[in-house]
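In my numbering, the protein residues as written are 143 to 281. Notes for the one structure printed next.
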Ligand SMILES: [Zn+2]
């Protein structure tokens, strides 16, 4: 099957937050992982920004959650094939990182990582601007 649209996920680096809850709220915030240990479930809005609700079931044969005291990681990756966006990403230390599939161009992944780092930096540094016009084009 040939994808007819570019994946929106690769355009949007996502920094996530998390909240431990007993029951899921009616309204989910973007970029937030809701973790219910009681229900063994993690719910969040798709990391591509499409707004679809993703329900992750924690069990020995499904997903595993790692909480290191500060951040959440999930294993294996989250593949939203049922949504139009067909996003596929890893949740690692409260970040949604697009999964690389065989055949996909890997330089795209590094570009994405670069953007992700810049996004983190810009969040930390608020409006401070650095290195203006530092994008050389090599053809
Ligand atoms: Zn999506």
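Glycine residues also receive a C-beta, built at the ideal position from the N, C-alpha and C atoms. Predicted model only: the values in this text are computed from it and were never measured.
Where residue 197 is concerned, the enclosing beta strand (DSSP E) starts and stops at 195-199.
In the structure shown, residue 215 falls within a strand segment according to DSSP collapsed to helix, strand and coil. One alpha carbon belongs to residue 175, the other to residue 187, and they sit about 8 Å apart.
Its chain contains 197, 198, 199, 200 as the residues whose beta carbon lies nearer than 7 Å to that of residue 183, once the 5 sequence neighbours on both sides are disregarded; these appear in chain order. Chain-ordered, the residues whose CB falls short of 6 Å from any heavy atom of ligand 1 come out as 188, 190, 192, 194, 222, 225, 227, 229. In the displayed model, residue 187 falls within a strand according to three-state DSSP.
Look at residue 264 here: in three-state DSSP terms it is helix. Beta-bridge pairing by DSSP links residue 205 to 200.
If you look at residue 239, you'll find it in the beta strand (DSSP E) that goes 237-240. Residue 203 is classed as exposed because its beta carbon has fewer than 16 other beta carbons within 10 Å across all chains shown.
Residue range 174-178 is occupied by the beta strand (DSSP E) that includes residue 175.
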